[in-house]
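Structure first, commentary second.
Residue numbers (our numbering): 10 to 195.
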């Protein structure tokens with residue numbers, strides 16, 4: 010057995026004074042971790058585990074934040090984050106992948122009404138879309154991935170779809186393209 014781990018993390022931050030009372034901060038950060046195990050012979054524990062077992066998980070984010078002093082009594086903080094996350098795993102001839110695109114925003118306004126009273130107003134928004142596939146293959150080509158995304162793939166096991174309902178409740182939608190099943194939260 011040969012193990013091949015790979016991992017990286019990154020972050021970059023820039024701050025810009027746009028005007029006397031307005032500061033912009035831009036950040037980018039992310040991570041990717043992967044582990045591959047290669048087997049010369051099938052596992053004694055489970056003969057279906059052969060060739061390789063691998064898994065990876067990663068995310069990437071870009072965030073902007075604007076801090077403004079609108080007056081001597083009012084401040085504003087607005088933040089927007091866009092992101093992408095991916096999970097992939099393969100065990101012998103079975104593989105799965107999930108991808109998520111994420112949008113997050115937060116706004117906050119602080120109003121100093123009097124010297125002893127401050128009023129805070131704000132919002133938080135988070136939205137994401139999740140898609141993925143599950144199948145009995147180890148490598149998926151770009152052409153196969155396009156077919157999976159368009160729903161033109163052949164039906165496969167519904168067991169994974171049932172397991173997903175028990176394991177998590179996605180915030181926006183989840184499509185299991187390879188089984189012609191679609192789940193959407195209202």
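Idealized CB from N, CA, C, for every residue including glycine.
Since the model is a prediction, treat every value here as computed from it, not as a measurement.
Opposing strand residues paired with residue i [DSSP bridges]
{"i": "residue 97", "result": "65, 106"}
{"i": "residue 24", "result": "34"}
{"i": "residue 74", "result": "34, 88"}
{"i": "residue 114", "result": "89, 134"}
{"i": "residue 82", "result": "In DSSP, residue 82 forms no bridge with anything."}
Straight-line gap, residue i to residue j (C-alpha atoms, nearest Å)
{"i": "residue 37", "j": "residue 20", "result": "5 Å"}
{"i": "residue 109", "j": "residue 73", "result": "20 Å"}
{"i": "residue 98", "j": "residue 71", "result": "25 Å"}
{"i": "residue 76", "j": "residue 30", "result": "8 Å"}
{"i": "residue 105", "j": "residue 41", "result": "17 Å"}
{"i": "residue 103", "j": "residue 14", "result": "20 Å"}
{"i": "residue 145", "j": "residue 39", "result": "30 Å"}
Segment limits, beta strand (DSSP E) that includes residue i
{"i": "residue 43", "result": "31-47"}
{"i": "residue 129", "result": "126-144"}
Close-in-space but distant-in-sequence residues of the same chain around residue i (CB under 6 Å, 5 per side omitted)
{"i": "residue 62", "result": "46, 100"}
{"i": "residue 111", "result": "92, 137"}
{"i": "residue 120", "result": "83, 128"}
{"i": "residue 24", "result": "34"}
{"i": "residue 94", "result": "68, 109"}
{"i": "residue 114", "result": "89, 134"}
{"i": "residue 116", "result": "87, 131, 132"}
{"i": "residue 65", "result": "43, 97"}
{"i": "residue 176", "result": "Here residue 176 scores only 41 on pLDDT, less than 50, and its place in the model should not be relied on; the value that follows carries that caveat. No residues qualify anywhere along the chain."}
Own chain partners of residue i with C-beta closer than 7 Å, once the 5 adjacent residues on each side are dropped
{"i": "residue 27", "result": "33"}
{"i": "residue 79", "result": "85"}
Exposed unless 16 or more other CB atoms sit within 10 angstroms - verdict on residue i
{"i": "residue 17", "result": "exposed"}
{"i": "residue 178", "result": "A caution first: residue 178 carries a pLDDT of 41, below 50, which makes its placement in the model unreliable, though a value can still be read off. Exposed, by the Cβ-count rule."}
{"i": "residue 160", "result": "Any reading at residue 160 must be qualified, since the residue scores a pLDDT of 47, below 50, and its modelled position is unreliable; the value itself is stated next. Classification of residue 160: exposed, given that the 10 Å Cβ count is below 16."}
{"i": "residue 141", "result": "buried"}
{"i": "residue 22", "result": "exposed"}
{"i": "residue 132", "result": "exposed"}
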